[in-house]
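S.K.:
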Amino acid sequence: KNEVEQSPQNLTAQEGEFITINCSYSVGISALHWLQQHPGGGIVSLFMLSSGKKKHGRLIATINIQEKHSSLHITASHPRDSAVYICAVRGTQGGSEKLVFGKGTKLTVNP
Amino acid sequence: NAGVTQTPKFQVLKTGQSMTLQCAQDMNHEYMSWYRQDPGMGLRLIHYSVGAGITDQGEVPNGYNVSRSTTEDFPLRLLSAAPSQTSVYFCASSYAGVSYEQYFGPGTRLTVT
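Chains as they are written, first to last, in my numbering: chain V, 5 to 115; chain L, 230 to 342.
(1) Of all the CB atoms in chain L, is at least one closer than 8 Å to the CB of V:Gly45?
(2) Out of L:Ala325, L:Pro304 and L:Arg297, which one is the CA nearest neighbour of L:Thr337?
(3) Do we get a CB-CB distance below 8 Å when we pair V:Leu63 with the residues of chain L?
(4) If contacts are defined as beta-carbon pairs under 8 Å, then L:Cys252 and L:Asp302 qualify, I think. What distance do you get, rounded to the angstrom?
(5) Suppose contacts are defined by Cβ-Cβ distances below 8 Å. Is V:Ser86 in contact with V:Thr112 by that definition?
(6) Could you give the distance in angstroms between the alpha-carbon of V:Thr66 and the alpha-carbon of L:Trp263?
(7) My output table needs one value for V:Gln97: the three-state DSSP class, helix, strand or coil.
(8) Go to L:Gln266, then tell me how far its beta strand (DSSP E) extends in each direction, as first and last residue.
(9) For V:Ile90 versus V:Leu39, is the C-beta distance shorter than 8 Å?
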């Protein structure tokens, strides 16, 4: 079983809608990343969280350590937000410098 | 800054051939890593390095070799290519480990026939 589960797998929205993508993990973590993979394949980092909430433009990421859950929100979605959004975590065991990735959520925003 | 660069962008190999995927970064990052991405699966760690001269195995290291002789470069060697190694390969780097922002290269699409 993958240690990192994302939901939904696929999401279609209309331009302007509020989007939520969820990430749940089964191990203790020290860091959680949200990444965006463009249709052309490139991957960029959106957020790195260890607690609380971060905001950048129309994107908001939250994490609840006790519930082992993080959400990525997109306000006023736009077709250019269409991409695959990937959650990745660093476990706390053994001081390992390794990330475990979810399978991604494919978002399509229609005009 | 060029960021993280990878060459080649595309490669076709025959089973049994060997090759090296190149990765370089100009941000003086200590941490570098190699991932493979396959359809329906998340990115999986192949090997990583926390600094020059130090490498370690990830989740799927078999069939791959790495070395880190300089801070800038982290090449990935396929020793004897197999069809199961058909994948998209990404190199990434960060300041000092996976608790820092990760910077990804553009990827190399490898097909082994």
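We treat Cβ as the ideally placed atom computed from N, Cα and C, and that holds for glycine.
For clarity, every value in this text was computed on a predicted model and none was experimentally measured.
M.R.: Answer, in terms of the structure:
(1) On the first sequence, residue 45 of chain V is found 41 positions in, with the first residue counted as 1. Interface residue, yes.
(2) Numbered from 1 along the second sequence, position 108 holds the residue referred to as residue 337 of chain L. Out of L:Ala325, L:Pro304 and L:Arg297, L:Pro304 has the C-alpha closest to the C-alpha of L:Thr337.
(3) As a first step, residue 63 of chain V must be located in the first sequence, where it is residue number 59. Among the residues facing chain L, V:Leu63 is not included, as its CB has no counterpart in that chain under 8 Å away.
(4) Residue numbering aside, residue 252 of chain L sits at position 23 when the second sequence is read from its first letter. Residue numbering aside, residue 302 of chain L sits at position 73 when the second sequence is read from its first letter. Yes, L:Cys252 and L:Asp302 are in contact; Cβ-Cβ is about 7 Å, under 8 Å.
(5) Start at 1 with the first residue of the first sequence, and residue 86 of chain V comes out as number 82. Start at 1 with the first residue of the first sequence, and residue 112 of chain V comes out as number 108. Against a cut-off of 8 Å, the Cβ pair of V:Thr112 and V:Ser86 comes out as a contact.
(6) Here the question's residue 66 of chain V lines up with position 62 in the first sequence. Here the question's residue 263 of chain L lines up with position 34 in the second sequence. Each residue's alpha carbon lies about 28 Å from the other.
(7) Locating residue 97 of chain V in the first sequence gives position 93, where the first residue counts as 1. DSSP, read as helix, strand or coil, puts V:Gln97 in helix.
(8) Indexing the second sequence from 1 puts residue 266 of chain L at position 37. Note, L:Gln266: beta strand (DSSP E), Tyr260 to Gln266.
(9) For the purposes of this step, residue 90 of chain V is taken as the residue at position 86 of the first sequence. For the purposes of this step, residue 39 of chain V is taken as the residue at position 35 of the first sequence. Result yes, Cβ atoms of V:Ile90 and V:Leu39 sit closer than 8 Å.
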